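**Student:** Sharing a structure, written as structure tokens. Questions coming.
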Amino acid sequence: MRSLAVVTACLGAPLLGLLPAWQAVEQVQSIPLRRGYYVASDTGCDEASRATVMLFKGDGFGLNCETVSIERLSPTRYRLNDRCSDDRGGEGTTDSSTVYEVSSDMAFTIRGDDGSAYSARFCRQQQMPEPFSTNDISDIVKAPAPTP
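Here it is, written out as structure tokens:
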């Protein structure tokens with residue numbers, strides 16, 4: 141079920157939790173999460189794999205995605221609108237809109253319109269297996285965070 145939720149979010153399928161059109165949202169530059177690796181909540185940090193890891197870079201997730209906008213829907217809910225390039229060498233891009241429920245600066249949940257959920261929490265890089273433990277992400281984790 142976890143993989144389905146991640147795939148659904150990455151492909152830009154509509155997600156639950158969007159506000160009605162008449163309700164105002166606030167544009168922000170970031171969501172209040174620590175920069176670094178997030179691992180699926182049901183997976184140990186030392187058991188992380190490409191299928192269970194997301195890299196938060198301050199304004200969004202993933203190295204192949206550019207965050208177009210971030211909207212604060214409520215004090216704990218944020219919609220990230222991304223444009224992602226094909227990481228398999230294709231020339232196309234995919235636009236997606238994903239709502240994150242942020243429970244702390246180290247945890248979030250994505251809920252799919254089919255009722256599925258993907259929850260993840262922050263893992264220290266040293267706790268993770270290769271190649272995550274040795275990837276140089278210092279430019280990502282040490283960069284000043286944009287103000288929300």
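Per the numbering used here: the sequence shown = residues 141 to 288.
We put the beta carbon where it would ideally sit given N, CA and C, even for glycine.
Predicted, not measured: the structure shown is a model, and the values here were computed from it.
(1) Cβ of residue 201 within 9 angstroms of Cβ of residue 213?
(2) Determine contact between the segment 255-265 and the segment 177-187, defined as no fewer than three beta-carbon pairs at a distance below 8 angstroms.
(3) Which residues share a DSSP beta bridge with residue 185?
(4) Under the DSSP definition of a beta bridge, which residues are partnered with residue 275?
(5) Could you tell me which residues DSSP pairs with residue 250 in its beta bridges?
(6) Below 8 angstroms CB to CB, which residues in the same chain sit around residue 241 once its five sequence neighbours on both sides are set aside?
(7) Between residue 279 and residue 183, what straight-line distance do the alpha-carbon atoms span, to the nearest angstrom?
(8) Give the straight-line distance between the Cα atoms of residue 189 and residue 166, rounded to the nearest whole angstrom.
(9) Quick check on the burial criterion: 16 or more other C-beta atoms within 10 angstroms. Buried or exposed for residue 222?
(10) How many Å lie between residue 199 and residue 207 at the Cα?
(11) Looking at the structure shown, is residue 193 part of a helix, part of a strand, or coil, going by DSSP?
(12) Answer yes or no: do residue 186 and residue 268 have a C-beta to C-beta separation smaller than 9 angstroms?
**Tutor:** Put simply:
(1) no
(2) yes
(3) None; residue 185 has no bridge partner.
(4) In the DSSP output, where bridge partners are listed per residue, residue 275 has none listed.
(5) 240 and 258
(6) Cβ contact annotation for residue 241 (same chain, cutoff 8 angstroms, sequence separation greater than five): 157, 216, 217, 248, 249, 250 and 251, in chain order.
(7) Our two residues, residue 279 and residue 183, have alpha carbons roughly 26 angstroms apart in a direct line.
(8) 34 angstroms
(9) buried
(10) 6 angstroms
(11) strand
(12) yes
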